[in-house]
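Using our numbering, you'd call the opening residue of the sequence shown number 25 and step up by one each time.
All residues carry an ideal CB built from backbone N, CA and C; glycine is no exception.
Let me begin by presenting the structure, written as C-alpha cells, before commenting on it.
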Amino acid sequence: MENIQMLIDGEWVGSEQEQWIDVLNPATGELITQIVRGNEKHADRAVEAARKALKSKEWKSYKPFQRGQFLQETARYIRENAQRLAELESTDIGKPSAQAKGDIEAAARYFEFYAGLADKVFGDSIPIEEDLLNVTVIEPIGVTLHIVPWNYPIQITARSVAAAIATGNVVIVKSSEDTPLTTNFLAKWFHEKLPQGVFQHLTGYGAEIGSALTSHTGVNQITFTGSVPTGIAVMKSAANNVVPVTLELGGKSPNVVFKDADLERAVPVIVNSIVQNAGQTCSAGSRLLVEETIADELLEKLVEKFKTLKVGPPANNADVGPIINEKQYKRILEILGSVDDQAKILVGGEAVQVEGYENGFYISPTIIEASDHDNSFVQEEIFGPVLSVVRFSDVEEAIELANATEYGLVAGVWSKDIDVAHYVASRIDSGQVFVNSYGAAGGVQMPFGGYKKSGIGREKSHLAVQNYIQIKNIAIQVQL
Ligand code: TXE
C-alpha cells in the first residue's frame, strides 16, 4: 500500500525529507504502510490554515442546510465504499470483518444523523422588557481538534467530525499512529469536496504532534478519546489556553446479573460485550457482578461459550481478533501473568499461536474470578478479552460494587423485576445504563460519555452539537 500523506491546507504533505512511522497489521505483524511523523511545524501550519478557513467567505457562505446536504453525501459515499472501508479497518485493527462492517455503517449513520441536525440548531428569544429584543445566536466554536484512538477509528472520527461540521466549524483530525487508513480514505473525500483547510488530517506520535496541537493557542476546542493519563495531559494543555475539552476515557463497565435474570438472553450479550474488538472497547462489559445464588450456573455457561470462540485473523473468520500492537499485547499478558491466590482464571489467560499468523498478537478470551472487588483485575481497565467476575449477595451490595471503581461509562442490569431493574439503573453512576441488553450498535442517537474518570461531556446524540457551538446573547434596544 502506498505511504499515507497528511492533508494540510489542501495539500498532501509527505516528501522524502519527512520522517516516517511504520504501520503494522496486528493480525500478521506485517508492514501495511508508513505515515508521516508529524511535528510542531506541521501542527503550526495546520492550525494557521484552519483559522484561515474558518474566516473564509467560502466556508462561511455554506448555509446550514448545505452543510447538512454535504454530510448526507458523505454518508452515501461511505455506504458506497463500505466494502473497501471495512477491509481497511480490518487490516488496520485486525477486527473481524463483520465488526468492521458494523463500524462503517455506524460511521455513515453519524454523518446522516448530524446532517439532519445541521439546520436545526438555533437560539432563543428571551422576553426581558418591552422594546428590548433579546436573542441568543449560535456560532461555531472555531478550530476543533479531534484526537482519535486506534480501537474504533472510523466511528470515533465520524461521531465528532460530523457534529463539528454540522455546526460550521473547521476540523483537524490527528489519527492514531496505529490506525490511519480509514481517516486517510475520508480525507481524500473531504479534500475533493470541502474548501481548503476545513478538514485536515495529521499523523504522528501523540507525544509529538499530538501534544503540539493540544497546546496550540489557535485551537478552540478539543475532543479526545483515549487513556486517563493522556486525557489528563490533554486537559492540562487545554486549561492553559482556557479551551473546552470533551474527554472519553474508557471504563470498567459492569454487567450486573440478578438471580431472576433470563440467562439464555444474557449470556450471548455478556460474551459479546467483552470479546467484541478483542475487548479493546471503551464501553466493553469487562466486569461481571453476579448474584451469589446463580453465579455457578452463569459462570459455567460463560466458560462453555468462551471455549467455543475462535481466535484469529479476519481472514479466518474468527470471533476474536488480535490485540492492536506489541506494547498492548505484552501489557495484557503481564497483567494475566500476575494472577495470584486472590483470583482464579476460569478459562483462557494465555497467548494464542495461530497457525500461519505467528507474528500476530493473539490472546485467548479469559474469565477471571476475584474474591475481592478491590482486586486490580476488577478495578483496572485491561483493554483485552478479559472478563473479571465478582459475586454479590443482595441489591444494595450490587449497587455498591457497581459504583466501586473510578470509572462510570456504561452498565448493564439484568433482571425480570422492573422494580429491581429501575432501582439499580437509577443508582448506578454511569453515563449509560442498559436494562436486559448491553450496547446498541453504535448508539448514534444516545448520549454517550462518562461519570467520574470515564470522561467529561457527552458525545453522540443531539447533545453533542453543544460541544461545538458558542452562544452569543444579542440585546437590541428599540427606540423610535
Ligand atoms: O492510549 P493514549 P494508548 C486506554 C486503554 C489502553 C490505554 C493505553 O486502557 O490500554 O488507554 O492506550 C494520542 N497529546 N484507551 O497508549 O496514549 C495518541 O496518539 C495528545 C481507551 O493507545 O491515550 C492516540 O491517538 N495526544 C480508549 C490517542 O492519543 C496524545 C482508546 C490515544 O492514546 C498524547 C484507547 C498527547 N500527549 C486507549 N499522547 C477509549 N476510551 O476507547 C497520546 N496521544
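Distances from the CB of Ser412 to the heavy atoms of ligand 1 are all 8 Å or more. Taking 9 Å as the cut-off, the beta carbon of Thr390 is found no closer than this to the beta carbon of Gly361.
At least one heavy atom of ligand 1 falls within 8 Å of the beta-carbon of Val258.
Non-local beta-carbon contacts of Ile498 in its own chain, meaning distances under 7 Å to residues more than five positions away in sequence, involve Val159, Val161 in chain order. Taking 8 Å as the cut-off, the C-beta of Phe458 does not count as close to any heavy atom of ligand 1.
Between Ser277 and Ser454, the gap from beta carbon to beta carbon is short of 9 Å.
DSSP lists Leu312, Gly436 as the beta-bridge partner residues of Asn279. Look at Gly479 here: in three-state DSSP terms it is strand. Judged by beta-carbon spacing, Trp438 lies within the 9 Å limit of Ala290, meaning their Cβ atoms are closer than that value.
With contacts defined by Cβ atoms closer than 9 Å, Val363 and Ile369 form a contacting pair. The beta-carbon separation of Gly192 and Arg91, rounded to 6 Å, stays under the 8 Å limit for a contact. At a cut-off of 3 residues, the continuous stretches assigned as beta strand (DSSP E) that sit fully inside the region 389–470 are 390–394, 410–416, 434–438, 456–459.
At a Cβ-Cβ threshold of 9 Å, Val60 and Gly38 count as neighbours. Of the other Cβ atoms in all chains shown, fewer than 16 fall within 10 Å of the Cβ of Gln107; this residue is therefore exposed. Note that the C-beta distance between Thr249 and Leu271 is below 9 Å. Residue burial annotation: Met30 is buried, with at least 16 other C-beta atoms found within 10 angstroms of its C-beta. For Val172, the shortest C-beta to heavy atom distance toward ligand 1 is below 8 Å. In the structure shown, Gln220 adopts coil according to DSSP, grouped into three states. Your pair Pro204 and Ile28 checks out as a contact, with CB atoms roughly 5 Å apart and the cut at 8 Å.
Distances from the CB of Pro409 to the heavy atoms of ligand 1 are all 8 Å or more.
Contact between Val267 and Val243 holds: their C-beta atoms lie close to 6 Å from each other, under 8 Å. By the criterion of a C-beta distance shorter than 6 Å, Gln469 is surrounded in its chain by Ser485, once the five residues flanking it on both sides are discounted.
Judged by DSSP in its simplified three-state form, Asp155 adopts coil rather than helix or strand. Taking all protein chains in view, the Cβ of Leu313 is crowded by 16 or more other Cβ atoms within 10 Å, so the residue is classified as buried.
In the displayed model, Gln503 falls within coil according to three-state DSSP, outside both helix and strand.
Using a Cβ distance threshold of 9 Å, Gly53 and Gly380 do not count as a contacting pair. Remark: C-beta atoms of Pro219 and Ser412 do not approach each other more closely than 9 Å. Spatial neighbours of Leu112 in its own chain (CB-CB distance under 7 Å, excluding positions within 5 residues in sequence) are listed in chain order as Leu205, Thr206, Phe209. The beta-carbon separation of Thr241 and Asn491, rounded to 20 Å, does not stay under the 8 Å limit for a contact. Distance check between Ile150 and each of Phe330, Glu163, Lys496 places Lys496 closest, using alpha-carbon atoms only. Counting other Cβ atoms within 10 Å of its Cβ, Leu322 reaches 16 or more and is therefore classed as buried. At least one heavy atom of ligand 1 sits closer than 8 Å to the Cβ of Thr249. Distances from the CB of Asn265 to the heavy atoms of ligand 1 are all 8 Å or more.
For Val269, the enclosing beta strand (DSSP E) has its first and last residue at 269–272.
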